[in-house]
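In the numbering used here, the protein residues as written are 392 to 722.
Below: the structure, in structure tokens.
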Amino acid sequence: MNLNPRLVQKWVTKATAPPAPHPGRPASDSWEAYLAAELLCTFCHQPMAHTEPQDSVQGYQCQTGCRPRPLDAAAIADTVGRALLRHAPRIIPPSGTPTPPHLAAIHAHRVLARITIGATPGDITLTWRAAPLPSSSVDTERAQAVATARHLALDDPLRARQLLHDSLTGIDPATAPAHPLYTDAAALLAELLLRLDHPSDAVAWATYAHYSSVQLHGPTHPRSLHALHLHAVAHRRAGHHQRAYRLYRELADQLTRLEGPHAHRTLATHASTALVLHALGHCQAARTLLADAITTHRRDHPDHPATARMVQHLSRIWRDCATKGHQHQDT
Ligand SMILES: [Zn+2]
Ligand SMILES: [Zn+2]
């Protein structure tokens, strides 16, 4: 693929290296952090949201790219859980054995109005509610199922899917009102269904996650953008290219405003839009859009592996046009 050999060497080294230890990471992480309370960044004052897992580590990141890398979600849950066990032990249901901090953190939203995150997972300011919210055991159970599903998503996707279906029992994505837990579960389920190659099933949940996130958090919140992206991908993979095109355009507009026209995510969205354009039969528009994205991406993000993927897509489009005998003026 004409890739820089040094870059490939880097990937090989990374792929074959044993997983790096994560300093400050709690040893017991069989449960993923689930914090339903609002997380705010102390620097940019923007909400922080779950990022895609990297090296199977869940993180929190703010939307402006104000931090060089996401903060470890499990370490944040550990800090919050310790504070709850110390200052609000009565909200945690007794289980006979001491509750580990990351499980205590599941109840954070009942006593915390806000969690403000500083430079490290240990540097956290908690804003307490005047009175705790009443506990709902059904909600807690569903929240735990979603938390477990999030953790299992990579290793046991079928079990994770079952847990998410359970936690969404009785929820009709076409009519359900916006709800933070169901939005989270729906987005995760859509992601999983896409990975398991069931794009048609993913569409309904991605649609709900998208509209519900926008209603709960506003259209520029990281969760809403993530759900909009899932929504677009689900329609594209399901072959609804017209619908996918409109959603990718909406995402590109949002990202251009929030992160700038040359940001990685903006350009990656242009590249996906180009694939949809090609599927719709607009070959020349697709190639122009993709070639422009590649030029800018290579210039502004020189070491980013996505450039190579975009080039691969462009060659595939050229090959496809040649195979189908298209006579384009620029060929
Ligand atoms: Zn920030
Ligand atoms: Zn063509």
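Backbone N, C-alpha and C define an ideal beta-carbon position, used for all residues, glycine too.
- Bounds of any beta strand (DSSP E) do not take in L559, whose DSSP letter is neither H nor E.
- The alpha helix (DSSP H) runs of length 4 or more contained entirely in the segment 584-639 are, from start to end of the chain, 590-608, 613-628.
- Within the chosen limit of 7 Å, ligand 1 reaches the beta carbon of Q437 through at least one heavy atom.
- Residue A510 holds the alpha-carbon nearest to the alpha-carbon of M439 among A510, R550, K401, K405.
- When the beta-carbon positions are compared, A600 and A618 come within less than 8 Å of each other.
- Spatial neighbours of A665 in its own chain (CB-CB distance under 6 Å, excluding positions within 5 residues in sequence) are listed in chain order as A677, L680, L681.
- Residues of the same chain with a CB within less than 7 Å of the CB of T660, apart from the 5 flanking positions on each side, are Y639, L642, A643, L646 in chain order.
- Note on the segment 488-544: whole alpha helix (DSSP H) runs with a minimum of 4 residues are 492-495, 499-502, 528-543, in chain order.
- A Cβ closer than 6 Å to some heavy atom of ligand 2 marks a residue here, and those residues are C674, C712, H717, H719.
- For R458, the shortest C-beta to heavy atom distance toward ligand 1 is below 7 Å.
- Per DSSP, H441 is one residue of the beta strand (DSSP E) stretching across 439-441.
- Counting the other CB atoms within 10 Å of its CB gives D469 a total of 16 or more, which places it among the buried residues.
- Leaving aside the five residues that flank S558 on each side, the residues in its chain whose CB is nearer than 6 Å to its CB run, in chain order, R533, A536, V537, A576.
- The closest CA to that of I482, considering only L431, S526, A593, P590, is found on S526.
- Look at Q553 here: in three-state DSSP terms it is helix.
- Secondary structure note for L430: its beta strand (DSSP E) is the uninterrupted segment 429-432.
- Secondary structure note for C674: its alpha helix (DSSP H) is the uninterrupted segment 674-691.
- Around the C-beta of W596, 16 or more other C-beta atoms lie within 10 Å, and the residue is accordingly described as buried.
- One thing to note: H493 has its Cβ no nearer than 8 Å to the Cβ of G513.
- Apart from sequence neighbours up to five positions away, no residue of its chain approaches R477 with a beta-carbon distance below 7 Å.
- Around the beta carbon of V594, a 10 Å sphere encloses 16 or more other beta carbons of the protein chains shown; the residue is thus reported as buried.
- Its Cα nearest to that of V667, the residue I708 stands out among P571, T698, P485, I708.
- Between the beta-carbon of A578 and that of L621 there is about 6 Å, and that keeps the pair under the 8 Å contact cut.
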